[in-house]
Amino acid sequence: DSGVTQTPKHLITATGQRVTLRCSPRSGDLSVYWYQQSLDQGLQFLIQYYNGEERAKGNILERFSAQQFPDLHSELNLSSLELGDSALYFCASSVAQGTGETQYFGPGTRLLVL
Amino acid sequence: AQSVTQLGSHVSVSEGALVLLRCNYSSSVPPYLFWYVQYPNQGLQLLLKYTSAATLVKGINGFEAEFKKSETSFHLTKPSAHMSDAAEYFCAVSVSGGSNYKLTFGKGTLLTVNP
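Respectively, the protein sequence lines represent chains U and X. Just add 16 to the spot in the first sequence (first one is 1) and you have this note's numbering. Just add 5 to the spot in the second sequence (first one is 1) and you have this note's numbering.
If you want it as structure tokens, here you go:
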């Protein structure tokens, strides 16, 4: 158990819908990262927050957005969902932000868009 | 930009045999390198990481990896495979500079251990 929690574990929805994925980092961790894992793209970095502020963006679609709240939990919002958005979404956290910081991963949310 | 190449999407070994999972990186600056393991239906767990302190890095579950700058490699090894080692293994790189501390992952290597 990494100490990172993600809810829900599974999510099934229809195209065009909007969903919210939630992540609670390890106690004391200030930095939160979101990754998408799909069969064709592998593990791709989406976005990073540090202490409530967005710090870096990766291959995140404009239909996706995220935020980190004062209690440091984070939410990833996916809208106008398409079939291709079906994937496993991971949240990771680290104590600080830095190149050598270990990122601890949550169990993921498996999204299926029908 | 940094990148990682994992040679072999699927490696199969017998129980008790040597495990060797290959990872090559590309980076214009000194990298930080990581190996993560993903068991079925679970998240990623850190096995070990290289942060320039020592070229031979020991991790959990008997795994180790050696950083070879001249070969731009960071291969993962374990002397004797156990059935419980069956999982997918990911090599990842992170480089200093800028404000993006993302991990860039390889495509993964699925390890099968045969009895």
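Even glycine gets a Cβ: it sits at the ideal position worked out from N, Cα and C.
query                                                                                                                  : result
Beta bridge counterpart(s) of S8 (chain X) as assigned by DSSP                                                         : X:S31
6 Å Cβ shell around S78 (chain X) - same chain, five flanking residues per side excluded                               : N29
Chain X within 8 Å of P24 (chain U), Cβ atoms only                                                                     : no
D87 (chain U) to R42 (chain U) span [Cα, whole Å]                                                                      : 12 Å
Stretch pair the segment 89 to 97 of chain U + the segment 38 to 55 of chain U: three plus CB contacts closer than 8 Å : yes
Per-residue burial, E69 (chain U) [other beta carbons within 10 Å of its own, 16 or more giving buried]                : exposed
CB of A103 (chain U) within 8 Å of CB of Q64 (chain U), strictly                                                       : no
Which of helix, strand or coil DSSP assigns to I76 (chain U)                                                           : coil
Sequence ranges, beta strand (DSSP E) only - wholly within the segment 46 to 96 of chain X, length at least 3          : 49 to 55, 61 to 63, 69 to 73 and 78 to 83
Contact list for Y49 (chain U) against chain X, beta-carbon separation under 9 Å                                       : Y106, K107 and L108
Chain U within 8 Å of Q7 (chain X), Cβ atoms only                                                                      : no
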